[in-house]
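Structure first, then comments.
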Amino acid sequence: MQRKRLKDATTAREKDKLQVLYWLKQEKAPTLKVIAESLGHHRNTVQSWLCKYREQGLQGMLERKKSKGRVRVIPEWAEKALEKHLKAEENVFKSYGEVQEWLAEKLAVEAEYHTVYQMRLF
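Taking full-length UniProt numbering, I'd label the letters of the sequence shown as residues 1 to 122.
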């Protein structure tokens with residue numbers, strides 16, 4: 001069962017976590033330090049995986065929390081307001097710098113030139 005699960009692992013991290021359990025179930029199990037070095041992780045990382053395994057089981061150990069990501073510089077509501085403004089009038093802005101100024105003056109949203117440029121409005 002463990003070997004099949006190890007072969008079916010979808011990510012490198014999942015495979016490493018399962019490998020730790022597999023090695024520890026061997027008759028002559030290596031130390032955590034040896035296991036960690038073999039996998040290229042710090043001993044504390046392997047220790048935290050095992051702690052999670054004891055507390056939450058296999059699923060808990062394999063679960064990977066997803067980051068919420070970076071906070072948007074230009075909020076969605078501001079982007080929608082800008083889109084609405086662009087659709088309402090043609091040739092409103094002649095440059096990304098003008099868009100940047102409009103965001104600051106009308107919506108009180110401070111954005112770097114590069115951020116506005118990445119929106120690809122024109």
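Glycine included, C-beta positions come from ideal geometry on N, C-alpha and C.
Buried versus exposed, by CB contacts within 10 Å (16 or more), residue i
i	result
residue 123	This structure gives no information on residue 123, because the portion of the chain shown stretches from 1 to 122.
alanine 29	exposed
tryptophan 49	buried
tyrosine 96	buried
glutamine 100	buried
alanine 111	buried
Span separating the alpha-carbon of residue i from that of residue j
i	j	result
leucine 6	leucine 21	10 angstroms
threonine 11	glutamine 26	23 angstroms
leucine 103	lysine 65	34 angstroms
phenylalanine 93	lysine 68	33 angstroms
Integer Cβ distance of residue i from residue j, believed to fall under 8 angstroms
i	j	result
valine 73	threonine 115	5 angstroms
leucine 86	leucine 121	7 angstroms
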